Structure formats: structure tokens, C-alpha cells
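Participant: Residues 2 to 118 in our numbering are what the sequence shown spells out, letter by letter.
Built from N, CA and C at the ideal position, the CB exists for glycine as well.
Computed from a predicted model, the values in this text were never measured in an experiment.
Take a look at the following structure, please.
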Amino acid sequence: MEIQTIKKYMKDNKITYDELARRTGLSKSCITKIFAGYARYPRIDTMQAIEAALELNRSPLEWTDEDKEAGVVAEYKEKLSPDERDWIDLYRALKSEKGEQTVRAIKTMMQNLLNAK
């Protein structure tokens, strides 16, 4: 869910950052950084905690019927673990910030580690 959507929901329902921190168990500082845009890529589990605390639960990586029809999940049928979701977020952030060449270099390093004897 988009941060702007969550901010609007909080405003409409008069929920403060202090209240959200209490509900989630996150620090007010963490919440403030996310909503101010300082945390450009907040962790998925952090955002899920915020959504759950506001009862806006929607798993970000659950696939829609349209996705299934398009074959998006043909290869991966199991749900992703929090660590796997973190890897996806890191990959996307790295690709966005540093470009495709950097992502390919890291992928090559990981493959070399797997092949090392």
C-alpha cells in the first residue's frame, strides 16, 4: 500500500504518529522517517506492521487473479519469506539506484560463491 494512502487514512481517522508507534511497537522516529520520505525503501515487515495496526492488511506479494492468468506465478507457487522479500526489495533498490550493470556484477559474485570449492 502506498505511504500517501496510509497517511490519508491516518489523517481521516485522526491517528497520530505516537498512536501508530504504540499500536505497532515501532519507534516514533522510525515511523516519522518513513512518512517523511527519509526511509526511501522501508522494510516490508515494517510496512506490514503499520498496515496491520491500522487494519489495512493486504499482503504486498499476494498475486491477483490477473497475475495468475498472465503466468506471473507459474514458477513460484509458495509464499515468500520475510528474508526473501527483503532480498527483492534490496534488488529493486540497488537496480534503481546503481543500475543494471551493478546488479549483474553482484549476481555474478553470488554465482561464483556458489561455484567456489
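Grab the span of the alpha helix (DSSP H) containing LEU91 for me, first residue to last.
Facilitator: That run of the alpha helix (DSSP H) goes 83-99.
Participant: What is the DSSP secondary structure of ASN116, reduced to helix, strand or coil?
Facilitator: The answer is helix: DSSP assigns ASN116 an H, G or I state.
Participant: Using 8 Å for Cβ pairs, my map puts ALA37 next to SER28. What's the rounded Cβ distance?
Facilitator: Actually they do not touch by this definition, with Cβ atoms about 14 Å apart.
Participant: Let me know if ILE89 comes out buried or exposed under the rule of 16 or more other beta-carbons within 10 Å of its beta-carbon.
Facilitator: Its Cβ having fewer than 16 others within 10 Å, ILE89 is exposed.
Participant: In three-state terms, what does DSSP make of ILE107?
Facilitator: Helix at ILE107.
Participant: What's the call for GLN49, buried or exposed, on a 16-neighbour Cβ count within 10 Å?
Facilitator: Answer is buried; the Cβ neighbour count reaches 16.
Participant: Which of the three DSSP states, helix, strand or coil, is assigned to ALA40?
Facilitator: Coil.
Participant: Does the distance from the C-beta atom of ILE45 to that of ARG86 stay below 8 Å?
Facilitator: Taking 8 Å as the Cβ cut-off, ILE45 and ARG86 qualify as a contacting pair.
Participant: Please classify LEU21: does DSSP put it in a helix, a strand, or coil?
Facilitator: Note: LEU21 maps to helix in three-state DSSP.
Participant: Following the continuous alpha helix (DSSP H) through GLU52, name the residue where it begins and the one where it ends.
Facilitator: Its alpha helix (DSSP H) spans residues 45-54.
Participant: Under three-state DSSP, which class holds ILE7?
Facilitator: The answer is helix: DSSP assigns ILE7 an H, G or I state.
Participant: Tell me, to the nearest whole angstrom, how far the beta carbon of THR25 is from that of ILE51; I am working on the premise that it is less than 8 Å.
Facilitator: Right, the Cβ-Cβ distance comes to about 6 Å (below 8 Å), so this counts as a contact.
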